[in-house]
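Peer 1: All residue numbers for the sequence shown refer to our numbering, where the first residue is 6 and numbers rise by one. Next up is a structure, given as structure tokens.
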Amino acid sequence: MKRESVDGKTLETWTAQELHEALEAREAVLIDVRSPAEYMLGHVAGSLLMPMADFDAKALPEEGKKRLVLMCGSSKRSEKMAHKVLSAGAERIAHLEGGFGAWKEAKLPHVAADFPSGGQSRVNQD
Numbered sequence: 006m007k008r009e010s011v012d013g014k015t016l017e018t019w020t021a022q023e024l025h026e027a028l029e030a031r032e033a034v035l036i037d038v039r040s041p042a043e044y045m046l047g048h049v050a051g052s053l054l055m056p057m058a059d060f061d062a063k064a065l066p067e068e069g070k071k072r073l074v075l076m077c078g079s080s081k082r083s084e085k086m087a088h089k090v091l092s093a094g095a096e097r098i099a100h101l102e103g104g105f106g107a108w109k110e111a112k113l114p115h116v117a118a119d120f121p122s123g124g125q126s127r128v129n130q131d
């Protein structure tokens, strides 16, 4: 993971594999900042949806023992929201490098829209 200091606070950039391992170990909470429509087309199972349009840094769950990691489609929006979280007083926040696109490219498990059935299906499950 990469770390950078932003006004004395820490912004971490995680790889898809780092995030996957942290989620599997129940050491992280993933916050998806994409739109509800994007989320419905595909998302990481168990992620929480907090769209950028309605994003309120103060409404994030407390970090506690689990790390908060933000994700969008490519990492541009999640990085922007990470800066917003730091500006709101958090000492550290993380976001996913390359976003959901990087997650899918790494062939990690996720939920995707299943157009023939009108439902959703799990992709890349072991």
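Glycine included, every Cβ here is placed at the ideal spot set by N, Cα and C. Computed from a predicted model, the values in this text were never measured in an experiment.
1. Asp102 to Lys63, Cα distance in whole Å?
2. Can you list, in chain order, the stretches of the alpha helix (DSSP H) that have 4 or more residues and sit fully within the segment 42–103?
3. Taking the alpha-carbon of Gly123 as reference, which of Met45, Gly13, Leu53 has the nearest alpha-carbon?
4. Using beta carbons (cut-off 8 Å, strictly below), is Lys63 in contact with chain B?
5. Beta-carbon within less than 7 Å of Ala33's beta-carbon, same chain only, minus the 5 sequence neighbours each way: which residues are those?
6. Measure the C-alpha to C-alpha separation of Ser83 and Pro121 and round it to an integer number of angstroms.
7. Here's the rule: buried if 16 or more other CB atoms are within 10 angstroms of the residue's CB, otherwise exposed. What is Met86?
8. When you compare the CB positions of Gly47 and Val90, do they come within less than 8 Å of one another, or not?
9. Which residues mark the beginning and the end of the alpha helix (DSSP H) in which Leu28 is found?
10. Quick one: what does DSSP say Glu110 is sitting in, helix, strand or coil?
11. Output the boundary residues of the beta strand (DSSP E) element that contains Val34.
12. On the DSSP bridge list, what partners appear for Ser126?
Peer 2: Here's the rundown:
1. Taking the sequence shown and counting its residues from 1, the one referred to as residue 102 is at position 97. Taking the sequence shown and counting its residues from 1, the one referred to as residue 63 is at position 58. Checking the sequence, you will find Glu at residue 102 rather than Asp. Approximately 23 Å between the Cα atoms of the pair.
2. 81–92
3. On the sequence shown, position 118 is the one that residue 123 refers to. Selected option, being the one with the closest Cα: Met45.
4. Given the protein chain composition of this structure (a single chain), no chain B is represented.
5. By one-based count along the sequence shown, residue 33 stands at place 28. So the qualifying residues of the chain are Leu24, Ala27, Lys71, Arg72, Val74.
6. Numbered from its first residue, the sequence shown carries residue 83 at position 78. Numbered from its first residue, the sequence shown carries residue 121 at position 116. Using only the alpha carbons, I get a separation of about 31 Å.
7. Within the sequence shown, numbered from 1, the residue matching residue 86 stands at position 81. Under this definition Met86 is a buried residue.
8. Translated into positions along the sequence shown, residue 47 becomes position 42. Translated into positions along the sequence shown, residue 90 becomes position 85. Not in contact: Gly47 and Val90 (Cβ atoms no closer than 8 Å).
9. As a first step, residue 28 must be located in the sequence shown, where it is residue number 23. Looking at the DSSP string, the run of the alpha helix (DSSP H) that includes Leu28 is 21–29.
10. The sequence position of residue 110 within the sequence shown is 105, counting from 1. Residue state, collapsed to three classes: helix.
11. Counting from 1 along the sequence shown, the entry for residue 34 is found at position 29. Start and end: 33–37.
12. By 1-based counting over the sequence shown, the position of residue 126 is 121. Note: Ser126 sits in a beta bridge opposite Ala117.
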